[in-house]
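Protein sequence lines correspond, in order, to chains A and B. As numbered in our numbering, the first sequence has no gaps in its residue numbers, which increase by one up to the final residue, 778. As numbered in our numbering, the second sequence has no gaps in its residue numbers, which increase by one up to the final residue, 139.
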Amino acid sequence: MARLIKTEKEVEGRYTEQWVVVEEDALEQWPEGPLQTVGRPATRVDGLARARGEARYTQDIRLPGMLHAAVLRSPHARARVKHIDLAPARGVPGVREVIGPDDLEVLTDEPNYEGQAIAAIAADTNSQTRAALDAISIEWELLEPLLDVDQALRQESYVDDPKRYERGDIERGFAEADAIVEAEYRTQSVLHNALETHQSLCEWEGDTLVVYTSTQFLWGVRDEVAGAFSLPKDKVRVICRFMGGGFGAKGSAGDYTLIAAELARRTGRPVHCRLDRREENVNSGNRNPTIQKLRLGARADGTLTAIDAEYQCLLGWDGWLPPTAGPAQMLYACDHVRTLEYAVRLNAPPMDAFRAPGFVEGTFGLECALDELAAKLDLDPLELRRRNHADHDPMDERPFSGKELMECYRRAEPHWERRHEVRARSEAPTWRRRSEGEAALPAHPTSASPWKHGVGIATQLWYGGGGPPSYAWVRLSGDGTATVLTAMQDIGTGTRTAMAQIAAEELGLPIERVTVELGDTAHGPYATVSGGSSTTPSVGPAVRAAAGDVARQVREIAAQRFDLEERVLSLADGKVTSADGGSWPIEEITGLLEDGQILGNGARGPNPAGMRVMTYGIQVAEVAVDIETGEIVVERIYAVHDVGRVINPLGAESQIEGGIIQAIGHSLSEQRLLDPQSGKVLTRTLDAYRLPTIADVPEIVSELIDVPDAHLTNLGSKGLGEPPIVPTAAAIANAIRDATGADVRSLPITREEMLRALREAEERRRAPEQVEAAPA
Amino acid sequence: MVELTVNGQAYELDAPVERSLAEALRHDLGLTGTKIACDEGHCGACTVQLDGVPVLSCITLVHTVGDREVTTIEGLAEHLLVEAFVEADATQCGFCTPGQIVSASALLEANPHPSGDEIRHAMAGNLCRCGTYPKIERAIHAVAAHGEGD
């Protein structure tokens, strides 16, 4: 019987209560360790399609009569349209429709950030839409943009109210401290820059709106579009079978979808609206900048006594406050903690979720400050982290549902030990080694080497437990092949492959006999957003439950066919096997039904009541710094993470490497630059915005603890999309301090920031009484 | 009218003067394996070969191709690199992957046994936001090693 209960659901730190229907006969977790398919490396089931260019992305879909849309976007950060004349655009050859601020909610005549949509055009070709955009005549009244954070705070210009948290007595915490560090950290705005830009192709089929879109959340787009056009939800069908990257910025419909749908409605033709790269870099979301004021206190033995933190999160005009204080609140057992987060509203493009939003920024400040504290107390940074390990959630005393962080620390030890040998390279004059296999480069043959080497660590925690609802259907055909149907997305993380592995394992089939159909709200049940590292832990258990439903029916059918008891039958290697040695190919059972199919249902169960589900890890960075030029080379990163059971070790390794490489960009090169006078984005191209290339990649060594979380679902698996990007920047900054004695406190760590920190360290050496450094 | 030889097939198409090779391949010939990601020559996703030389098709006008043979990812479907990319897990979202393989095949044609540095140098113009770079390097090494016994 179905049972209705209430459970807690979390996406990227935002908790909600969720009703969920629980099946009584839940499956037991599989035993720990690699199984037949689950836990073993699997190449991607869609790898060939992607590698051969056969995978059809939103951008590749062409429909008969399709029109191209373009959007007139505000060139000003704050302005008012005094007069707009769309008529000349309507006269451009090939133009089929023009809409302006009066025609659609997402079009405005009072833009509050650069790039906000004003008008849109649908035409036969892209060049016609561009010509028509130029033909629109518009007269602006320019207004003074609010861009200064201090002024915004004075005016209380907030997207949300300031968020306060306090436990214990912060003053008492500092009174108990033997050492206190106080510093200001800054993180920059970075841009997602998925290679497939944001885009949608909309077509009306009678009263149903079909939306092909590059999205992380089919169902979210469905609901948003249905709301905007006052349609019943299932009159909107959303399709995304292959998706060219998201990283958090493709969680909602976006103006381009609503514009394409409206233009399609008006013209009666399919309309494709695609952001170009420059629109993408201005107006498709960003990781918001932060200014972090941290004060930490600890006893001589390293016990943290107080964490006091203020975060100014510069969200832009809109968005939501990411959980920036999360690491300060939850990472360590500290009795006295106070945090304050400001969601600052400015006339800048709105933020959007970006791979572990909030925790990436918050971890940078906290983990750097912790190393500054370790230096002050003359304690080993790894030991300091061990001593402050949180055995339960320090916010509400709840037990963690599964936490192998101490094991992560243990495994990191040999990599942390390398610091002695790495530091010794600083002594070796005139030579340095970039990476294995590359010739050593002579630096300054006549002087001592300017290259200093060091090692740094940083710990990570993040959410990633997923939650209900998510559903899957499995059908087993007469020929013994299975199809998983669930309307989730594979945004490139390999979830399609993971679902195939889970179903194959439960059905005892080789993975080649399992197909996964996803990416279409008309072809499968509801599944979670691909965000918050939630796809595998949310949909995976539903897929296993649906496959388990099929497996149970196969056993029941086989028991009747062969006059055996169900309990002696099991499914493995494509066979039904009985305990007394009997064995039949599965198609011998399913074949009885000819074209009949065995259908299974599965739902994601609740999260463990009264427990906190998190992911954990630690990374060790090795860097070289040229103290004359400020050049920084990351030479090696070691990463160990605990995300419960690992479904696909090969895909998991790729997730870790990808997260670390994005983090290296975040640490050293990437930065959206905003003109401080006009509020316009200066880094609009992939030339100006510096993504890491293959030449920037260090040696990366990674491992996973791979112990199922005993309390979490029938899988014990958590998500891995986000955890690896969380600690890298702090580990690099801490390695730089280890190498040079300089405190870098601002991302990206450009040469200017590096040289500033080196100068500051030099001044500190000269005047040891001046302990506290000026803010960055 | 433009005459074009793509993956050994001859085509004739009517293209306006400003048509890029990438657009011609994708829109006029339906060869959508070539991706457009920046459309201004910065990312490498649109890489194709002209007489074996990798070029950025988004900033190459189709009218300038002349009698040079165009090779796209569709023409490399059976290349050893394709299987090697899958085996090494060198594709995540996959949007950059065709361009990566086209670049890598040109590299191996010119230099069948590249060093790690040579790979990193030759492939630095092909951006991958998912961060498959270590796996790409592994895949190229795997194909280079495969050719060892030839």
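Glycine included, C-beta positions come from ideal geometry on N, C-alpha and C.
Item	Value
Chain B contact residues for I126 (chain A), given Cβ-Cβ distances below 7 Å	The sequence given here places Asp at residue 126 (chain A); Ile does not occur at that position. The contacting residues do not exist; D126 (chain A) stays about 12 Å from chain B at best.
Backbone CA spacing between L265 (chain A) and C27 (chain B) [nearest angstrom]	25 Å
Y17 (chain A) to V37 (chain B) span [Cα, whole Å]	47 Å
Assigned exposure category for R156 (chain A) - 16 Cβ within 10 Å defines buried	exposed
CB contact below 7 Å: V699 (chain A) versus chain B	yes
Neighbour-count burial assignment, K84 (chain A), 16 or more Cβ in a 10 Å radius	exposed
Best match in A:R753, A:R498, A:L566 for proximity to I513 (chain A) [C-alpha to C-alpha]	A:R498
Cβ-based neighbour list, T687 (chain A), same chain, cut-off 8 Å, excluding 5 preceding and 5 following	R279, R280, N283
Of the listed residues B:C119, B:P103, B:G120, nearest to I129 (chain B) (C-alpha basis)	B:P103
Own chain partners of H713 (chain A) with C-beta closer than 7 Å, once the 5 adjacent residues on each side are dropped	S403, G404, P610, M613
Any C-beta of chain A under 7 Å from that of L45 (chain B)	no
Nearest-angstrom Cα separation, counted from I172 (chain A) out to T210 (chain A)	57 Å
Per-residue DSSP class, three states only, for S216 (chain A)	coil
DSSP three-state assignment for D152 (chain A), whether helix, strand or coil	helix
Within chain A, the residues that A66 (chain B) reaches when beta carbons sit closer than 7 Å	R54
7 Å Cβ cutoff, C35 (chain B) in contact with chain A	no
Euclidean distance between Cα positions of D644 (chain A) and E141 (chain A)	56 Å
Segment limits, alpha helix (DSSP H) that includes V75 (chain B)	69 to 77
Residues from the region 14 to 39 of chain B in contact with chain A, defined by Cβ distance under 9 Å	R15, H16, G19, L20, T21, G22, T23, K24, I25, A26, C27, D28, E29, G30, H31, C32, A34
Residue-chain proximity (Y122 (chain B), chain A), Cβ-Cβ < 7 Å	yes
Short CB-CB distance (under 7 Å) between E514 (chain A) and chain B	no
Which of helix, strand or coil DSSP assigns to R766 (chain A)	helix
Whether M756 (chain A) touches G632 (chain A) by CB criterion (7 Å)	yes
Chain-ordered chain B contacts of M245 (chain A) [CB-CB under 7 Å]	C82
Residue interval of the beta strand (DSSP E) (run including T110 (chain A))	Neither: T110 (chain A) is in no beta strand (DSSP E) and is coded neither H nor E.
Residue-level contact to chain B via CB, R434 (chain A), 7 Å cutoff	Below a pLDDT of 50, predicted positions are generally treated as unreliable, and R434 (chain A), at 45, falls in that range; no measurement from the model is reported.
Closest Cα partner of A34 (chain B) within the set B:D106, B:E67, B:T(-6), B:E12	B:E12
is_contact[D689 (chain A), chain B] using C-beta, thresh 7 Å	yes
Beta bridge counterpart(s) of K8 (chain A) as assigned by DSSP	A:W21
Where V71 (chain B) meets chain A, residues with beta-carbon distance less than 8 Å	L50, A53, R54
Sheet register partners of L298 (chain A) (DSSP bridge)	A:V183, A:I309
Simplified DSSP assignment, three categories, for V6 (chain B)	coil
Spatial neighbours of R57 (chain B) in its chain, beta-carbon cut-off 6 Å, leaving aside the 5 residues before and after	L39, D40
Burial state of W21 (chain A) (16 or more Cβ within 10 Å)	exposed
Neighbour-count burial assignment, S139 (chain A), 16 or more Cβ in a 10 Å radius	exposed
DSSP three-state assignment for I125 (chain B), whether helix, strand or coil	helix
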